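Engineer: Have a look at this one before I ask anything.
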């Protein structure tokens, strides 16, 4: 299969960006999410500066949520053994925020696969042009990113929309734990409209078409964390009430379940 000039340039640049040992902080720090970031910096709305009984309660809730996810991460880490986590699903600020918080909690490095291809392509405008005019080359670059990331450990990777479109990519995702972050399309659309002035109905329609093509691929993930299900479990009528901490805790619970199942299978296969 012939690789286009743009795709070849991206592939060469990707080797320079990604193929560096994680012990090299000067390179890894370009993509590593800063440790010990507070919840307030991840919240959708800023906290009021004045102290009231309400804000004190909020800060107490923040501290409790942070404690719960840190405790769960401490419980999960030994069995996880540095296995990388791949988050699949439609691109959204929710998935991105979750990925960064998960990486921070597990003390992993954070990568966004589309951002890596974008950097290799020469920036956002070049990335958009590359994606629209050379889909084959873009997919090849996307696969190259996953190939390199899947060879590493201790990563949380937010995979692009199309990361599940080929059998090669699906096989690469199997090098770690894959989790489908299922977010309602209208919420994904709302996030996209902050950057693009396209009408909401048009964006939802476009997303719906893509979602139908990709849903079967997403369903092959090791686990699914649905924002709607998390809201239901917590008794929220408003989906916007679900916090990044709520989603992160649910992801950690799924990781714990998967590692337990793996351990049970390994023990069952061990001869007496």
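In our numbering, the protein residues as written are 3 to 274. Glycine included, every Cβ here is placed at the ideal spot set by N, Cα and C. These numbers were taken from a predicted model, which means no experiment stands behind them.
1) Is it the case that the region 88-103 contacts the region 174-184, given that we only count it when at least three CB pairs across the two stretches are under 8 angstroms?
2) Considering Cα atoms alone, identify which of 84, 122, 224 and 149 is closest to residue 174.
3) Across which residues does DSSP place residue 179 in a beta bridge pair?
4) Let me check understanding here. Comparing Cα to Cα, which of 102, 202 and 226 lies closest to residue 246?
5) If you draw a straight line from the C-alpha of residue 177 to the C-alpha of residue 171, how long is it?
6) Tell me residue 213's beta-bridge partners as DSSP assigns them.
7) Please classify residue 160 as buried or exposed, where buried requires at least 16 neighbouring CB atoms within 10 angstroms.
8) For residue 226, does the three-state DSSP call read helix, strand or coil?
9) Nearest-angstrom Cα distance between residue 238 and residue 188?
10) Taking a contact to mean a Cβ-Cβ separation below 9 angstroms, would you say residue 193 touches residue 96 in this structure?
11) Quick check on DSSP: helix, strand or coil for residue 184?
Structural biologist: In brief:
1) Flag = yes, the region 174-184 and the region 88-103 touch.
2) 149
3) 87
4) 102
5) 10 angstroms
6) Residue 213 has no beta-bridge partner at all, per DSSP.
7) buried
8) Here residue 226 carries a strand assignment [DSSP, helix/strand/coil].
9) The alpha-carbon atoms of residue 238 and residue 188 are separated by roughly 18 angstroms.
10) yes
11) strand
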